[in-house]
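Structure, as structure tokens:
Numbering (UniProt numbering), first residue to last: 1 to 871.
Structure follows, in structure tokens:
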């Protein structure tokens with residue numbers, strides 16, 4: 001593609017940079033580099049001298065990040081050559097751009113190993129060495145430091161790349177006097193510490209091929225020169241160089257660890273974390289070869305001082321403490337470190353993490369393994385026992401686990417039992433931590449006895465709890481039984497009986513939710529996997545049958561039915577195989593799950609649905625209640641919005657109100673029917689434009705001796721009388737039947753719900769009623785606001801008070817006491833209102849009616865006539 005065509009494709013430089021920045025913010029930069037020419041467009045922009053520095057650096061950074069991944073291998077040479085040309089033209093203009101150019105070039109070389117052996121790489125190395133050869137030039141020291149770092153990276157990927165420049169690098173280190181000397185020293189150490197080159201130091205050959213004298217003195221002098229200039233380095237650079245030299249000392253017999261002694265004595269008083277780590281690292285690697293015993297004590301005391309120093313940040317104290325702990329855990333060292341125990345004692349001002357770390361250090365330094373050090377846990381134990389804090393308890397159990405795994409004594413076991421029992425009784429919410437502690441102890445094989453003691457204690461404690469207590473905190477208590485169910489030495493009959501009582505109590509209190517059922521079934525599954533089903537058959541079968549028959553959650557009923565089938569149909573070995581396969585994706589049964597159950601083979605033809613003319617079922621509606629929920633979404637209603645004068649806040653809330661009507665029915669079999677029992681009874685409700693079915697109901701089993709309660713959740717759309725047809729479908733004797741049930745009818749009285757005052761936090765009910773009455777009965781601004789009517793009923797006031805008791809808002813009596821006015825307010829789901837104002841006369845009652853739903857007048861006459869005839 002010609003440059004002219006490329007310009008047309010991508011536009012000017014501004015368009016390209018904007019497109020690049022937009023793709024970076026959207027995360028779609030990879031798509032731009034799918035076009036092989038896009039990177040060359042970016043490189044062409046770099047030739048533009050008018051481009052600002054920040055934009056150039058941004059473009060180079062993008063090339064560094066994405067070109068290594070997306071650039072074809074045959075295009076690397078072109079890109080690198082172009083970037084080298086740009087460097088030759090622009091490096092004198094800006095060191096920032098030049099440094100980023102060198103970094104980008106280094107990344108491109110490192111991303112393609114073949115390029116490291118090419119002439120381009122040799123050219124690039126010469127370019128970098130030319131820059132670093134100009135020592136003591138203050139103006140370009142940043143660029144020289146960048147070149148040293150680029151060369152260090154190249155050497156780390158291709159050892160021996162700079163070996164022929166070794167003598168020149170030694171000379172440059174001697175001559176350099178600026179702050180970038182540490183970059184030169186890091187580069188020099190990387191060059192001479194390469195594994196491929198240390199062998200070259202041991203033997204050298206002259207031009208005729210004969211072996212010459214071993215130039216080990218060159219290595220020694222080079223290392224000595226670097227060590228003499230350590231004072232010029234920052235802590236980070238010092239750590240890098242010294243660690244590299246330490247590896248040289250390990251592999252070269254002519255270098256002795258004593259070269260570090262002056263450095264260690266000089267920096268032993270430092271509080272810098274890098275220096276402290278460096279001192280501990282060198283001492284651990286060459287213990288007994290550098291510092292004397294007294295000097296080693298001074299070093300350890302200094303490190304412990306850093307751990308105890310409040311002026312240091314907690315993170316710094318923690319990391320130094322971890323290094324010190326790693327040092328002390330060496331068995332050759334901790335036997336002589338008891339002198340530090342006094343300084344290791346935790347104090348109340350220590351953060352919890354540091355407190356736990358000090359306990360680990362004390363445990364590491366405290367003499368024989370049978371020695372009791374649990375007295376140091378007193379503060380954490382008291383704090384956890386007083387507050388019950390989760391974080392404190394977590395640190396306490398970490399320390400207990402450390403004691404259990406390192407000190408096998410009866411005293412330790414007794415203390416662990418005592419602490420666990422006390423926390424278990426006082427703070428049930430900490431049980432998950434105790435369970436995790438027990439799992440960790442179990443994995444440590446030498447302490448199975450302790451695990452057994454603690455688990456048995458917690459298991460028996462949960463068994464002794466009252467059912468209501470167990471139900472109130474089942475999320476925590478049942479975790480103990482989940483763990484004890486894995487122990488084959490603990491009998492499971494009593495827990496199963498208690499679980500049945502727990503589920504029955506939850507069903508009675510309407511607390512049998514999915515969470516409880518899932519935990520109970522998890523325990524059942526664990527028992528089947530770890531215990532023989534013959535021992536659990538009766539108690540486990542009773543529990544599973546109750547759950548599949550009576551549990552409210554459909555998913556739990558299905559799972560219970562599955563477990564019950566496994567228990568009653570399959571052998572113990574096959575049940576374990578089946579459940580183990582369902583638990584792990586890595587296990588495969590090798591056959592279909594339907595093959596395990598008789599009669600469960602998939603049918604090729606759907607079952608015939610037999611229609612019955614007469615229903616063997618009878619049902620009666622017991623109640624119809626309303627349930628209100630405020631949602632974030634607006635609930636749409638297909639009816640004009642009324643005028644809401646003085647009630648705007650109320651109406652804003654009302655539009656987010658969801659009303660659900662819960663209809664409860666009692667279902668039973670007709671005694672004279674030919675069906676003794678039915679299975680899988682389900683119901684089909686017909687569609688109605690004014691009522692939506694939110695939740696239906698089903699029964700797994702129904703016999704003649706019992707009646708079952710079923711309920712439906714319906715959401716009304718408009719409060720009008722309606723009839724909903726219902727069909728029942730059920731199974732009997734391997735056949736499926738369908739029959740019509742008595743339709744569900746809704747009359748106006750079913751929609752007259754007491755107003756939910758508490759939901760809207762309305763205190764002044766009389767004023768609230770007055771605003772509604774005015775909005776629905778007055779006409780203003782040529783707008784009809786509602787509907788009103790008058791009806792005279794031939795009944796007494798007491799009849800209305802009895803029927804409308806829940807809707808009474810307030811009563812007013814005349815001064816002479818002859819006339820009494822009652823005010824009623826009813827809520828018509830989903831968002832309408834019906835108001836009555838009754839005036840009692842000697843022989844009748846005058847009923848004034850107001851509503852924001854005008855169709856209600858068509859149903860009121862019949863309803864009021866029924867009310868007036870109520871005795």
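Note that the Cβ used here is the ideal one computed from N, Cα and C, for glycine as well.
Rounded distance between the beta-carbons of residue j and residue i, thought under 8 Å
{"i": "residue 264", "j": "residue 282", "result": "6 Å"}
{"i": "residue 146", "j": "residue 103", "result": "7 Å"}
{"i": "residue 222", "j": "residue 170", "result": "6 Å"}
{"i": "residue 403", "j": "residue 363", "result": "7 Å"}
{"i": "residue 255", "j": "residue 309", "result": "So it is not a contact: roughly 35 Å between Cβ atoms."}
Backbone CA spacing between residue i and residue j [nearest angstrom]
{"i": "residue 56", "j": "residue 78", "result": "19 Å"}
{"i": "residue 459", "j": "residue 481", "result": "7 Å"}
{"i": "residue 854", "j": "residue 745", "result": "22 Å"}
{"i": "residue 225", "j": "residue 174", "result": "8 Å"}
{"i": "residue 385", "j": "residue 393", "result": "9 Å"}
{"i": "residue 167", "j": "residue 192", "result": "10 Å"}
{"i": "residue 552", "j": "residue 661", "result": "18 Å"}
{"i": "residue 387", "j": "residue 479", "result": "22 Å"}
{"i": "residue 351", "j": "residue 431", "result": "24 Å"}
{"i": "residue 131", "j": "residue 121", "result": "15 Å"}
{"i": "residue 556", "j": "residue 522", "result": "11 Å"}
{"i": "residue 452", "j": "residue 261", "result": "53 Å"}
{"i": "residue 542", "j": "residue 502", "result": "13 Å"}
{"i": "residue 756", "j": "residue 808", "result": "13 Å"}
{"i": "residue 852", "j": "residue 725", "result": "30 Å"}
{"i": "residue 722", "j": "residue 850", "result": "22 Å"}
{"i": "residue 319", "j": "residue 273", "result": "8 Å"}
{"i": "residue 162", "j": "residue 149", "result": "13 Å"}
{"i": "residue 781", "j": "residue 646", "result": "Unreliable positioning characterises residue 781 in this predicted model, as indicated by a pLDDT of 47, which lies under 50. The coordinate reading is nonetheless provided below. Straight-line Cα distance between these residues: approximately 15 Å."}
{"i": "residue 153", "j": "residue 407", "result": "47 Å"}
{"i": "residue 49", "j": "residue 89", "result": "10 Å"}
{"i": "residue 860", "j": "residue 654", "result": "24 Å"}
{"i": "residue 112", "j": "residue 280", "result": "38 Å"}
{"i": "residue 186", "j": "residue 151", "result": "10 Å"}
{"i": "residue 676", "j": "residue 428", "result": "48 Å"}
{"i": "residue 43", "j": "residue 63", "result": "9 Å"}
Neighbourhood of residue i by C-beta distance below 7 Å, restricted to the same chain and skipping five residues each side
{"i": "residue 45", "result": "13, 16, 51, 59"}
{"i": "residue 540", "result": "496, 524, 527, 567"}
{"i": "residue 762", "result": "768"}
{"i": "residue 498", "result": "463"}
{"i": "residue 531", "result": "488, 492"}
{"i": "residue 786", "result": "642, 775, 776, 777, 850, 851, 852"}
{"i": "residue 549", "result": "700, 701"}
Own chain residues within Cβ distance below 8 Å of residue i, not counting five before or after
{"i": "residue 95", "result": "140, 142, 143"}
{"i": "residue 87", "result": "98, 101, 102, 105, 127"}
{"i": "residue 797", "result": "820, 822, 838, 840, 845"}
{"i": "residue 422", "result": "385"}
{"i": "residue 23", "result": "29, 31, 32"}
Closer than 7 Å: residue i CB and nearest the ligand FMN heavy atom
{"i": "residue 53", "result": "With respect to small molecules bound, the structure shown includes none, and the ligand FMN cannot be examined in it."}
Close beta carbons around residue i, own chain, < 6 Å, minus the five adjacent residues each side
{"i": "residue 843", "result": "none"}
{"i": "residue 810", "result": "766, 823"}
{"i": "residue 355", "result": "346"}
{"i": "residue 307", "result": "317, 320, 321"}
Every unbroken alpha helix (DSSP H) within the region 412-474, with a cutoff of 4 residues, ordered by chain: 431-443, 448-463, 467-472
Alpha helix (DSSP H) runs contained entirely in the region 258-288, provided each spans 4 or more residues: Taking only runs of at least 4 residues, the alpha helix (DSSP H) segments lying wholly in the region 258-288 are 261-267, 273-285.
Taking only runs that begin and end inside the region 77-127, name each unbroken alpha helix (DSSP H) of 4 or more residues, in chain order. 95-110
Taking one C-beta from the region 59-78 and one from the region 26-37 each time, how about it: are there three or more such pairs within less than 8 Å? yes
Count Cβ pairs between the region 703-716 and the region 736-743 that sit closer than 8 Å; are there 3 or more? Taking 8 Å as the limit for Cβ pairs, the verdict is that the region 736-743 does not touch the region 703-716.
Are there three or more Cβ pairs, one per stretch, closer than 8 Å when the region 678-685 is compared with the region 625-633? no
Go through the region 517-559 residue by residue and report every complete run of the alpha helix (DSSP H) that reaches 4 residues or more, in order. 533-550
Whole runs of the alpha helix (DSSP H) within the region 26-84, excluding any shorter than 4 residues: 29-33, 38-46, 53-62
Could you pull out every unbroken alpha helix (DSSP H) segment of at least 4 residues lying fully inside the region 318-368, listed in chain order? 331-334, 341-344, 352-365
Please list the segments of the beta strand (DSSP E) lying wholly inside the region 659-718, counting only runs of 3 or more residues, in order along the chain. 677-685, 691-695, 698-703, 707-716
In chain order, which continuous runs of the beta strand (DSSP E) of length 3 or greater are located wholly inside the region 735-765? 735-746
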